[in-house]
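In my numbering, the protein residues as written are 234 to 480.
This is the structure:
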């Protein structure tokens, strides 16, 4: 007579697809719970024990998906950055580098908007961003990750253009300008009440669109001949600025 142990050992396990879906659901539950606790009680005050207690899994299960708390705190950001790099790789080779980065960013936010919070609510993404920006123990990690993303992006731009990133500074210069605008965009979004991905996409398009005119165009709308239009002490066209000795 066959024992129960033998029967159990002979039964096939769940299909690979089912196992992967279970793993994905477990990871999503852990991530969602971790971010809710981080943003409600504070990152430093939340323990892994508290996270796994809510999800009803073991610490071992948590560390199977996230090596530490920091990895969970930045998991959503990591996913966005990976999507951005994927979008950038898929841009047409004939597209100018800055345009390629712009379209990659806009398409990334569109994919989040189209998901409609099915993976992670956008409102929770916003609270997580604010939490990271206000947590000293995470700010340094945030900066390190930003530098690493710039490095990867510059390498990808150099590859697209057939350049050596160590010999030609243009990829890193372009990425530095782009990244600066994106940081400003994130900060502006973090201060808004509208937490939608559509709002983030609109801010991205607005700020990136302003870069050229901000750097190269005049800022004052009044005519230079309009006395009082210029608040500085710069001389009129053709005039010589007085020397400091005569001031």
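Note that the Cβ used here is the ideal one computed from N, Cα and C, for glycine as well.
- In this structure the region 332–347 lies against the region 432–449, because at least three pairs of beta carbons, one per stretch, are closer than 8 Å.
- Straight-line measurement puts the Cα of residue 447 at about 11 Å from the Cα of residue 453.
- Distance from the CA atom of residue 308 to the CA atom of residue 319, rounded to whole angstroms, is 17 Å.
- Taking the Cα of residue 302 as reference, the smallest distance to any Cα among 358, 380, 386 and 370 is reached at 370.
- Distance check between residue 359 and each of 398, 425 and 316 places 425 closest, using alpha-carbon atoms only.
- The beta carbon of residue 417 sits closer than 8 Å to those of 440, all from its chain and outside the five residues before and after it, given in chain order.
- If you draw a straight line from the Cα of residue 276 to the Cα of residue 285, it comes to about 15 Å.
- DSSP, reduced to helix, strand and coil, places residue 331 within a helical segment of the structure shown.
- In this structure residue 330 is in contact with residue 407, their Cβ atoms being roughly 5 Å apart against a cut-off of 8 Å.
- In the structure shown, the three-state DSSP call for residue 341 is helix.
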